[in-house]
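These notes are about the structure you will find just below.
In this note's numbering, the protein residues as written are 2 to 391.
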């Protein structure tokens, strides 16, 4: 785009220069030794981000493709799957489970709140015959983190697997796959891994592979969205991919992961996101916006704000920022349609170069469009408490 806007959208995100440079290089050939070495290193770096010793597979697909791969490989028709239902992407996960003819046992919760573990426990007492638990770890539509560690414990107490949709969480805060016992975890390239869209990423542990191997031969798994296909390809040195991989995108992911792990460090990456979350949430609250998610479960990757009392609709703010400041934020869907604004902290949106102008632009909107006497800089109050800026 000739006049690229600043992205505060929760995917895609504005990526850093190292990644853009890698994406702008000539298209790599998938069997060239240099690219194969970078591809292998990408897999090792992803293991560090996932905090796992499991194999990690990178597919040409959106995050939803990785989710479908996990569901199709872990569950089969008739399986009784407890699914957390408290947001827009929880609804999508349930749609995928239904598409594979699972018996979905939904645990309902209000949008904007983490799921109540007591409700989950009640369901599990009523249904001791479950075949697994499925959960969106970080609800992008509401800015809420669900208690995935505790849910994994509940699943394993019943010798059942847990599937975690970590599309907007992985990389943005600590998600220790092995330590917390997640059987299958799915994510994508275009959120907290700070790359362009196009790559679905999935890991599976030994328990998951045992389940995959003992599934009935008639279980509908498909071919591409099937962990069997990916593992067989990985074990074939002559061509270790099921299909031609998205070589340019993987080169971009390689560059992004090198930046995260070697320039920022993984802990530093998490710290930057947490910093941006605190500064934006504090600043927006200081000028009259209510946060949707309570602090204790607020996502470090995206924050959701209820509309200001002076606004007729949240779209007024979205459109002003787009038209006057070439800055894009998101609204939400479902019962939150027209009610909330979503502001991402991923990619460059998690830097002072982006955060400070955004907050000042929101102030300007309230002053010039709504006649509210917001003191200049009132939204920057959160910066005063920070020992470090990013």
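Ideal Cβ positions, reconstructed from N, Cα and C, are used throughout, including at glycine. Computed from a predicted model, the values in this text were never measured in an experiment.
Report all residues from its chain with a CB closer than 7 Å to the CB of residue i; omit the five preceding and five following residues, and keep chain order.
i           : result
residue 115 : 145, 146, 147, 148, 298
residue 117 : 110
residue 287 : 379, 380, 382
residue 234 : 241, 242, 243
Who are the Cβ neighbours of residue i in its own chain at under 8 Å, not counting the five residues just before and after it?
i           : result
residue 265 : 273
residue 80  : 103, 104, 132, 133
residue 252 : 23, 24, 26, 29, 36, 39
residue 17  : 195, 257, 260, 348, 349
residue 230 : 224, 243
residue 213 : 74, 75, 205, 228, 229
residue 42  : 255
Would you tell me roughly how many angstroms separate the C-alpha atoms of residue i and residue j, rounded to the nearest one?
i           : j           : result
residue 3   : residue 327 : 12 Å
residue 314 : residue 320 : 11 Å
residue 281 : residue 383 : 7 Å
residue 256 : residue 267 : 14 Å
residue 165 : residue 188 : 9 Å
residue 292 : residue 317 : 18 Å
residue 142 : residue 20  : 26 Å
residue 48  : residue 323 : 37 Å
residue 153 : residue 163 : 6 Å
residue 185 : residue 275 : 26 Å
residue 306 : residue 332 : 9 Å
residue 360 : residue 352 : 12 Å
residue 407 : residue 203 : The chain is shown only over 2 to 391; residue 407 falls outside these bounds and no answer can be derived.
residue 46  : residue 262 : 8 Å
residue 346 : residue 182 : 27 Å
residue 239 : residue 32  : 9 Å
residue 176 : residue 169 : 11 Å
residue 375 : residue 344 : 20 Å
residue 294 : residue 355 : 22 Å
residue 338 : residue 100 : 25 Å
residue 209 : residue 269 : 31 Å
residue 362 : residue 388 : 24 Å
Is residue i helix, strand or coil by DSSP?
i           : result
residue 257 : helix
residue 174 : strand
residue 292 : strand
residue 387 : coil
residue 51  : helix
residue 239 : coil
residue 28  : coil
residue 1   : Coverage of the chain is limited to positions 2 through 391, which leaves residue 1 absent and any answer about it impossible.
residue 196 : coil
residue 321 : helix
residue 368 : helix
residue 375 : coil
residue 213 : helix
residue 224 : coil
residue 33  : coil
residue 77  : coil
residue 14  : coil
Between which residues of its own chain and residue i is the CB-CB distance below 6 Å, once the five residues before and five after are set aside?
i           : result
residue 69  : 97, 226
residue 309 : 289, 290
residue 13  : 191, 198
residue 8   : 14, 15, 329
residue 390 : 353
residue 334 : 89
Using DSSP bridges, identify the partner residues of residue i.
i           : result
residue 83  : 106, 134
residue 60  : 201
residue 166 : 137, 187
residue 305 : 343
residue 333 : Paired residue(s): none; residue 333 is not in a bridge.
residue 299 : 145
residue 328 : 7
So residue i packs on residue j, CB below 8 Å; how close in whole Å?
i           : j           : result
residue 112 : residue 138 : Not quite, the Cβ-Cβ distance comes to about 16 Å (not below 8 Å), so this is no contact.
residue 129 : residue 159 : 7 Å
residue 102 : residue 135 : Contact doesn't hold; Cβ gap of about 14 Å is too wide.
residue 83  : residue 121 : 7 Å
residue 63  : residue 284 : Residue 63 to residue 284, Cβ: 32 Å. No contact.
residue 392 : residue 53  : Here the chain comprises residues numbered 2 to 391, so residue 392 is not present and cannot be evaluated.
residue 140 : residue 91  : 7 Å
residue 392 : residue 95  : Examination of residue 392 is not possible in this model, given that the chain is present from 2 through 391 alone.
residue 171 : residue 51  : 7 Å
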